[in-house]
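Reviewing the structure listed below.
There are 2 protein chains.
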Amino acid sequence: MAASPSDSLGFLLSFRGELTGARIRAALGVAGLHPRHAMTLMQLAPGAMSQRELAAAMEIDPSQLVAVLNELEGEGLAERRRDPADRRRHIVKITDAGATALERVEAAVSEAERELFADLSEAEKVLLRGLLDRVSVEKGDHDCSAG
Amino acid sequence: MAASPSDSLGFLLSFRGELTGARIRAALGVAGLHPRHAMTLMQLAPGAMSQRELAAAMEIDPSQLVAVLNELEGEGLAERRRDPADRRRHIVKITDAGATALERVEAAVSEAERELFADLSEAEKVLLRGLLDRVSVEKGDHDCSAG
DNA sequence: TATTGTTATACTCTATAACTATA
DNA sequence: TATAGTTATAGAGTATAACAATA
Chain A
8 MAASPSDSLG
18 FLLSFRGELT
28 GARIRAALGV
38 AGLHPRHAMT
48 LMQLAPGAMS
58 QRELAAAMEI
68 DPSQLVAVLN
78 ELEGEGLAER
88 RRDPADRRRH
98 IVKITDAGAT
108 ALERVEAAVS
118 EAERELFADL
128 SEAEKVLLRG
138 LLDRVSVEKG
148 DHDCSAG
Chain B
8 MAASPSDSLG
18 FLLSFRGELT
28 GARIRAALGV
38 AGLHPRHAMT
48 LMQLAPGAMS
58 QRELAAAMEI
68 DPSQLVAVLN
78 ELEGEGLAER
88 RRDPADRRRH
98 IVKITDAGAT
108 ALERVEAAVS
118 EAERELFADL
128 SEAEKVLLRG
138 LLDRVSVEKG
148 DHDCSAG
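Just so you know, the protein sequences line up as chains A and B, in that order.
Numbered according to my numbering, the first sequence spans residues 8 to 154.
Numbered according to my numbering, the second sequence spans residues 8 to 154.
Right under this line is the structure:
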């Protein structure tokens, strides 16, 4: 009944998720990239898109993306070019060097996942995925104000 | 094989954990308290302890705890008194008003958990807890450096 | 006038180190 | 000298708004 941190499934999921995220971020940084830079390369892998689309896909503000792309471009891992059809737009594309770096990152993430779920069988991983998919995380408007 | 965000169990656990944490924090704030303040009351509920012990239990720096306790004390939800046996120490104790506030918080957290896991049977919740307990989250030294 | 990308500003969190009073 | 609590400072991350170029 009580929801103390020690016996609450919500806290457990939150804490395990946080630690898992930290482990994944460490793996994302394997190529010397900031986790967010690696995530950007992941988003770009399937195909080029505009900065606005990229920011929406990553759920960050377009203004935050600018510095990330500046650095990725400076390291030759991604490139921007003007969209000839609408010269306001930048089309962002991953480079060959970026794809190579991304391969290392994805290998490191796979290794991290092998470690994280080493004690679980394939069937149990499927089960865990299915259960996590059924956790209700739609964002309702929960009162967060101070009053 | 590939560890793209969309099909990776690690990313799924990380993301669901993050959203669950956000929902829990919203519930923690129900009494007008900052989530960390509510967590502090939770830690104090079983019994009084020194600030240093409290900081260790909450895994935050003792210096961060100072402002939290100042505010809790200002609102009459917790109180500090000198340890007569060692006048350097502050013994921190939850007040009756703090316990009352904590009841509201715990009820809100329970309600949040009911919503989060509404689609899961009791047996499935037990199963999820068991699987999460077997995710390896011991902190090894994973290379996070830029090189 | 609206939109894309950019820059500038401010606010929150957190990490660290110096300081005091006690031991 | 070492420890408990406190204060001060700096850094990362993020949210917001103003701005220039283009539509």
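Cβ atoms here follow ideal geometry from the backbone N, Cα and C, with glycine treated the same way.
Please read all numbers here as calculations on a predicted model, not as lab measurements.
- Here ARG30/A has ALA119, GLU122, LEU123 as same chain residues with Cβ atoms under 8 Å from its own Cβ, once five neighbours each way along the sequence are excluded.
- Our two residues, PHE18/A and GLY137/B, have alpha carbons roughly 14 Å apart in a direct line.
- Measuring C-alpha to C-alpha distances from ALA55/A to each of LEU139/A, GLU113/A, HIS97/A identifies HIS97/A as the nearest.
- Beta-bridge partners assigned by DSSP to ALA114/A: none are found.
- Residue contact with chain B for PRO91/A: absent (no Cβ-Cβ distance below 8 Å to any residue of chain B).
- Just so you know, the alpha carbons of GLU60/A and ARG43/A end up roughly 16 Å apart.
- Under the criterion of beta carbons closer than 8 Å, ALA38/B and ALA45/B qualify as touching, at roughly 7 Å.
- Chain-ordered, the chain A residues with CB closer than 9 Å to the CB of ASP126/B read ARG141, VAL142, SER143.
- Scanning chain A for C-beta atoms nearer than 8 Å to the C-beta of VAL99/B yields nothing, as the closest lies near 17 Å away.
- For THR27/B, the residues of chain A that pass the 8 Å Cβ criterion are GLY17, LEU20, SER21, GLY24, VAL142, VAL144, in the order they occur in the chain.
- Secondary structure note for ASP93/A: its beta strand (DSSP E) is the uninterrupted segment 93-101.
- In terms of Cα proximity to ALA85/B, the closest of ASP93/B, VAL75/B, ALA92/B, ARG94/B is VAL75/B.
- Using beta-carbon distances, GLU122/B counts as an interface residue toward chain A, with a partner under 8 Å.
- At least one CB of chain B lies nearer than 8 Å to the CB of ARG136/A.
- Judged by DSSP in its simplified three-state form, SER70/A adopts helix.
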